[in-house]
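Enquirer:
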Amino acid sequence: DTAVSQTPKYLVTQMGNDKSIKCEQNLGHDTMYWYKQDSKKFLKIMFSYNNKELIINETVPNRFSPKSPDKAHLNLHINSLELGDSAVYFCASSQLYRQLKRETQYFGPGTRLLVL
Amino acid sequence: AQKVTQAQTEISVVEKEDVTLDCVYETRDTTYYLFWYKQPPSGELVFLIRRNSFDEQNEISGRYSWNFQKSTSSFNFTITASQVVDSAVYFCALSEWGAQKLVFGQGTRLTINP
């Protein structure tokens, strides 16, 4: 009965490789997000999708490409991985109500990416 | 612009002590949401509380309590009779009305020593 799930949990790869992280939510939410947590624990928004439509792209390099095949899924593909991409990536979801009232964001367990 | 400041980087107390985590925010919006999340050593982000800007009532949930004061733009979190299991990094976050994102503070690492 996991609400927001991510795979894989750990990802170790070489510089220059391409990798994907998958996210799924079973909360029936219409908005999904990707956040990055750096080595100092700082959390920052990367992308936001509402009903499969990109809403926020927070000056993320275009090596990062999110894809939302449906409302319940938001995947993150990263091309040409760099050392600085090492971080924990969190997926989250929430529901948008009328008049822009927004529900709480619930987070997945995180994917720990290490680029060697 | 939105900003959240958690000035306390690390706090260490002995079990059963009370501890308060400070959070100060900046926003130009009159309507916004404030949140606290807990990140235990296992790494997940656990939602603790959400407050609307038009609801300044303080909240208590067991040993946890939150003090929201718009006059000082603060949303502080107090743990009463702390326990070792409270050891975690705690994040305060802000979301402006209609915004599609959370802006997080730097986090406060809380260590409860037995």
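The listed protein sequences correspond, in order, to chains A and B.
Convert by adding 8 to the 1-based position in the first sequence; the result is the number in this note's numbering.
Convert by adding 1434 to the 1-based position in the second sequence; the result is the number in this note's numbering.
Glycine residues also receive a C-beta, built at the ideal position from the N, C-alpha and C atoms.
Tell me the rounded alpha-carbon separation between Gly1541 (chain B) and Val1523 (chain B).
Expert: 6 Å
Enquirer: Check distances from the C-beta atoms of the stretch 1474–1492 of chain B to those of chain A and list, in chain order, the residues that come in under 7 Å.
Expert: Residues of the stretch 1474–1492 of chain B that bring their beta carbon within less than 7 Å of a beta carbon in chain A comprise Gly1477, Glu1478, Leu1479, Phe1481, Arg1484, in sequence order.
Enquirer: Rounded to the nearest angstrom, what separates Ala1533 (chain B) and Gln1436 (chain B) at their Cα positions?
Expert: The C-alpha of Ala1533 (chain B) lies about 10 Å from the C-alpha of Gln1436 (chain B).
Enquirer: Checking contacts by CB at 8 Å: is Phe1538 (chain B) closer than that to chain A?
Expert: yes
Enquirer: How would you list, in chain order, the residues of chain B whose beta-carbon sits under 9 Å from the beta-carbon of Pro129 (chain A)?
Expert: Nothing can be reported for residue 129 (chain A), as the shown portion of chain A is limited to 9 through 124.
Enquirer: Going by CA-CA distance only, name the one from B:Thr1514, B:Tyr1459, B:Ala1527, B:Phe1538 that's closest to Glu1451 (chain B).
Expert: B:Thr1514
Enquirer: Under a three-way DSSP split, which group does Val1519 (chain B) fall into?
Expert: helix
Enquirer: Can you look up Thr1454 (chain B) in the DSSP assignment and give me helix, strand or coil?
Expert: strand
Enquirer: Residues of chain A with CB under 9 Å from Val1407 (chain B), in chain order?
Expert: In the structure as shown, chain B starts at 1435 and stops at 1548, and residue 1407 (chain B) therefore has no counterpart that could be examined.
Enquirer: When DSSP builds the beta bridges, which residues end up paired with Lys44 (chain A)?
Expert: A:Lys52, A:Tyr97
Enquirer: Closest to Asp93 (chain A) by C-alpha separation, out of A:Tyr57, A:Arg120, A:Cys99, would be which residue?
Expert: Selected option, being the one with the closest Cα: A:Arg120.
Enquirer: State the Cα-Cα distance for the pair Leu89 (chain A) and Leu124 (chain A), rounded to the nearest angstrom.
Expert: 9 Å
Enquirer: Under 6 Å Cβ to Cβ from Ser1529 (chain B), same chain only, skipping five residues before and after it: list those, please.
Expert: Tyr1467, Leu1536
Enquirer: Check whether chain B comes within 8 Å of Asn65 (chain A), counting only Cβ atoms and requiring the distance to be less than that.
Expert: At least 8 Å separates the CB of Asn65 (chain A) from every CB of chain B.
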